[in-house]
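Reading the sequence shown from the start, the letters are residues 1 to 391 in full-length UniProt numbering.
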Amino acid sequence: MPWEETCTMDERLKFVSACLSGEQPMSWLCERFGISRKTGYKWLDRYRTSGPAGLVDQSRARIEPSQMAAEVREAILALRVEKPHWGPLKLRAKLCEREPGTMWPAASSIGALLRRTGLSQPRRGRRRTPPYQQPLAHAQAANDVWCADYKGWVRSRDGQRCDPLTVSDAYSRFLLAADLVPRLDSASARPIFERLFGEYGLPAAIRSDNGVPFASTGVAGLSELSVWWLKLGIRPERITPGKPQQNGRHERMHRTLHAEAMASPSADAREQQQRLDAFRAEFNHERPHEALGQRQPARFYSASNRHYDGCLAEPVYSQEQACRRVRTNGDIKWAGGFVFIGEVLIGEPVAVSETDQGYMAVYYFDLLLGYIDKGARTIRSPERWHATAQG
């Protein structure tokens, strides 16, 4: 039950009285009365200045943009034009510095003025990659899970940026690749994976973080690269954002790789790649690993019996599922209208099936993409859908 005004005044008087008694420290009293230290010092200062009258709430008239003096408005807008990327706080600070004698309005009023005059636009929220919904697999044999990531870049002595893409086997720690790439995109990563699949066969799953090119902000976090993996029968796994320990073995390998092959700059990218190749050979065949009983990864790794032939599979759905092919604009036709699925699946067949709760679930292979939101004519991720349903 909220305090009545008289009760609030009584509480403030009790607080000030306790402060002046000196029996307890300020931090303890503020916690006891449920206020911040800043607020506590404010009421104490007001009491010392004005007595009990200083503890009464002091209303302050809010300055609306339309109530500002013309010269104040003009000064604010002129500075905004001069500094188009400055926000209300910085603008006010600069104005106070230039003309300390002027009563400049609060930053909130300056912000309202900028919005009214079209000099401020609301920030667009950054789209995040949808969370991975399935539990991460536990690697019990070689090629159950491969781990992929980019090792932070370094610059060679001739000024070239060196970005290594690394791939390892989660079970054996065998380092499959440590290759420099010109760009962090699917076009640069795919040839490396094609080479690995040709040499070592196909893994059951590939685990990565949520960055490009492994994931996107689109449906189910799928990217061009991860859709290709699905069509090869490989399950893409993504760790939880901010939890690199879920790919801990790979991260530990990165620390060793940096210390031994990247800490000191190479002459050029070619020399850097040679150092990475030498590190990979030693890491796999010579370096003992404590987690492997001081034995080498090569003793635990063998190629997959799933051979890579370049053929891409199409999903096979049951008769109970309605199959729809994603159109060139990312839509599927459904229930007399269109539902947006995502551009990453253009041309791909997806399946719609009804759940026991009456929801219409959309799948690509056996991956749940989300549930159809009939009102918005799109699909919602499982996480958002269940959060809305529970709310």
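We put the beta carbon where it would ideally sit given N, CA and C, even for glycine.
{"Asked": "Taking residue 333 as part of the beta strand (DSSP E), name the residues at either end of that continuous run.", "Found": "331-334"}
{"Asked": "Would DSSP call residue 3 helix, strand or coil?", "Found": "Reliability of the predicted coordinates at residue 3 is poor, the pLDDT of 41 falling under 50, and the value obtained from them is presented with this limitation in mind. Residue 3: coil per DSSP, three-state reduction."}
{"Asked": "Helix, strand or coil for residue 32? Go by DSSP, reduced to three states.", "Found": "helix"}
{"Asked": "Please work out which residues of its chain come closer than 6 Å, Cβ to Cβ, to residue 318, disregarding the five sequence neighbours upstream and downstream, and give them in chain order.", "Found": "none"}
{"Asked": "By the DSSP assignment, the beta strand (DSSP E) with residue 360 in it spans what residues?", "Found": "360-364"}
{"Asked": "Check residue 198 in the structure and name its three-state DSSP category.", "Found": "helix"}
{"Asked": "Locate the alpha helix (DSSP H) running through residue 37, then write down its first and last residues.", "Found": "37-50"}
{"Asked": "Quick check: the region 144-151 against the region 167-177, are at least 3 beta-carbon pairs closer than 8 Å?", "Found": "yes"}
{"Asked": "Buried or exposed for residue 245, please, with buried defined as at least 16 other CB atoms from any protein chain shown within 10 angstroms of its CB.", "Found": "exposed"}
{"Asked": "Looking only at C-alpha atoms, which of 186, 304, 286, 302 sits nearest to residue 296?", "Found": "286"}
{"Asked": "If you draw a straight line from the alpha carbon of residue 204 to that of residue 138, how long is it in whole angstroms?", "Found": "11 Å"}
{"Asked": "I think residue 34 touches residue 46, with their Cβ atoms under 8 Å apart; what is that distance to the nearest whole Å?", "Found": "Contact doesn't hold; Cβ gap of about 18 Å is too wide."}
{"Asked": "Helix, strand or coil for residue 340 per DSSP?", "Found": "strand"}
{"Asked": "Locate the beta strand (DSSP E) running through residue 303, then write down its first and last residues.", "Found": "Neither: residue 303 is in no beta strand (DSSP E) and is coded neither H nor E."}
{"Asked": "Rounded to the nearest angstrom, what separates residue 327 and residue 336 at their Cα positions?", "Found": "15 Å"}
{"Asked": "For residue 415, which residues does DSSP report across the bridge?", "Found": "Here the chain covers residues 1 to 391 and nothing more, so residue 415 does not appear."}
{"Asked": "What is the rounded straight-line gap between the Cα of residue 238 and the Cα of residue 159?", "Found": "33 Å"}
{"Asked": "With three or more C-beta pairs closer than 8 Å as the rule, is the region 302-320 touching the region 224-235?", "Found": "yes"}
{"Asked": "For residue 20, which three-state DSSP category applies?", "Found": "helix"}
{"Asked": "Quick check on the burial criterion: 16 or more other C-beta atoms within 10 angstroms. Buried or exposed for residue 289?", "Found": "buried"}
{"Asked": "So that I know if they touch, is there some Cβ in chain C lying closer than 9 Å to that of residue 371?", "Found": "The chain labelled as chain C is not found in the depicted structure, where only one protein chain is given."}
{"Asked": "For a test of the three-state rule: what should DSSP assign to residue 146, helix, strand or coil?", "Found": "strand"}
{"Asked": "Give a yes or no on whether the C-beta atoms belonging to residue 377 and residue 340 are separated by under 9 Å.", "Found": "yes"}
{"Asked": "When the distance is taken between beta carbons, is residue 269 closer than 9 Å to residue 162?", "Found": "yes"}
{"Asked": "Express the C-alpha separation of residue 191 and residue 36 in angstroms, rounding to a whole number.", "Found": "58 Å"}
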